[in-house]
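The letter at position 252 of the sequence shown is residue 254 when you use the numbering used here, and the numbering goes up by one with no holes.
All C-beta atoms in this analysis are idealised placements derived from N, C-alpha and C, irrespective of residue type, glycine included.
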Amino acid sequence: MPWSVLIAVVGAFTLALGSALQERDAVRAPGEKVAKAGFLLHLLRQPRWLIGSGAAVLGASLHLVALSGAPLTLIQPIGVTGLLFAIVLSALFNHQRVSAWQIIAGMAVMVGLVGLLWVFPHGAETPVMRTGTALALAGATLGLGLAVYLTAHWTPSGARALLLALAGGAAMGTTSGLARVIAANAVDDWTNLFGWLTPLAALTAVFGALLMQNAYRTGHFAAAYATLLITDPVVGVGIGALLLGEGVPETTVAQAGAAAFAALAIAGTIALARTRHRNPEAREAGERCGAPTRTR
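Here is the structure:
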């Protein structure tokens with residue numbers, strides 16, 4: 003398990019680096035405020051975005067390796083360490099200074115999320131998910147994401163970043179839940195990698211990627227990434243606790259602590275969404291499209 007924790011930390015940094023690289027081309031790509039699926043085809047032709055995607059895939063792969071040796075409730079919180087990496091890298095790439103307010107808000111998200119998920123029991127049994135359960139889970143996630151995608155055009159940039167990242171994070175969290183089942187069972191029999199859960203996980207992952215790239219497109223990278231880091235593990239841990247038998251907090255103290263930590267993480271994310279440290283190219287892209295732009 004110590005090796006799984008170390009691998010998860012390295013994966014968190016690599017994923018943050020990849021996401022920060024992706025944001026630069028997502029902001030510059032042509033199209034409407036909320037781009038269609040062809041937007042991903044455009045990005046696939048951008049070398050820097052491909053490098054970022056490679057780093058993100060490597061980070062996600064390391065995350066899966068970590069999941070094969072430890073439960074969701076332990077590995078998922080570690081991913082939140084990537085938030086401060088992402089804030090610093092994004093500021094560096096955009097030639098901006100990292101403000102003290104961003105660091106404080108980022109720390110609030112990290113402490114809140116780690117505390118929230120740490121109060122959950124850590125089970126380590128090999129998980130099992132029935133076909134009907136997996137299909138219902140993926141269907142609900144895709145339906146929610148589609149509703150957000152279709153309505154996001156009419157929201158201000160800050161709120162749009164949060165909504166798209168919320169839906170994208172839910173899709174990624176669902177992918178993590180499915181991947182937990184796939185990876186853990188593949189340890190005993192590698193042929194489980196080619197089961198029916200794998201294409202279902204791939205579908206939720208691609209849809210989540212479309213939503214997240216559109217969230218980055220708003221220019222509010224720190225807020226979008228923070229929302230991803232909250233939603234992904236919370237959904238993943240929820241799946242682990244409710245569907246895979248990994249447990250939930252049972253005592254009143256643990257439940258109260260979970261609520262307090264959740265409030266802290268949400269407050270930090272809202273603060274990041276309201277920051278004026280927005281990618282300046284997103285503002286320019288909005289002006290070229292004739293769309294109103296906001297920094298808050």
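Starting from the C-beta of residue i, find all residues in its chain whose C-beta is less than 6 Å away, skip the five residues before and the five after it, and write them out in chain order.
| i | result |
| --- | --- |
| Ser-178 | Gly-238 |
| Val-150 | Leu-165, Ala-169 |
| Arg-162 | Ala-154, Thr-220 |
| Ile-241 | Gly-179 |
| Gly-54 | Gly-20, Leu-23, Gln-24 |
| Gln-215 | Ala-28 |
Buried or exposed: residue i, going by 16 or more other Cβ atoms within 10 Å of its Cβ?
| i | result |
| --- | --- |
| Trp-51 | buried |
| Ala-167 | buried |
| Lys-35 | buried |
| Val-183 | buried |
| Glu-252 | exposed |
| Gly-160 | buried |
| Thr-135 | exposed |
| Ile-77 | buried |
| Val-29 | buried |
| Arg-26 | buried |
| Thr-133 | exposed |
Which first and last residues belong to the alpha helix (DSSP H) in which residue i is found?
| i | result |
| --- | --- |
| Gly-141 | 133-153 |
| Arg-26 | 4-30 |
| Pro-129 | Careful: Pro-129 lies outside any alpha helix (DSSP H) and carries neither H nor E. |
| Gly-84 | 84-95 |
| Ala-72 | Here Ala-72 belongs to no alpha helix (DSSP H), and DSSP marks it neither H nor E. |
| Ser-159 | 159-190 |
| Gly-240 | 223-244 |
| Arg-219 | 199-219 |
For residue i, which residues from the same chain have a beta carbon less than 8 Å from its beta carbon, with the 5 sequence-adjacent residues on both sides left out?
| i | result |
| --- | --- |
| Ala-186 | Leu-69, Ser-70, Thr-128, Pro-129 |
| Gly-81 | Ala-10, Gly-13, Ala-14, Leu-17, His-65, Leu-231, Asp-234, Pro-235 |
| Ala-173 | Thr-143, Leu-144, Gly-147, Thr-206, Ala-207, Phe-209, Gly-210, Leu-213 |
| Ala-299 | Since the displayed the chain opens at 3 and closes at 298, residue 299 lies outside it and no answer follows. |
Near residue i, what residues of its chain come up, given a Cβ to Cβ distance below 7 Å and the 5 sequence neighbours on each side ignored?
| i | result |
| --- | --- |
| Leu-137 | none |
| Thr-271 | Val-111, Ala-225, Ala-228, Thr-229, Ile-232 |
| Arg-290 | Its pLDDT being 41, under 50, Arg-290 is placed unreliably by the model, and the measurement read from it follows with that caveat. Nothing listed; no residue qualifies. |
Give a yes or no on contact between the segment 183-200 and the segment 208-225, applying the rule of three or more CB pairs nearer than 8 Å. no
Meets three-Cβ-pair contact criterion under 8 Å: the segment 17-28 and the segment 77-90: yes
Three-pair Cβ contact test at 8 Å for the segment 6-14 versus the segment 61-74: Segments in contact, yes.
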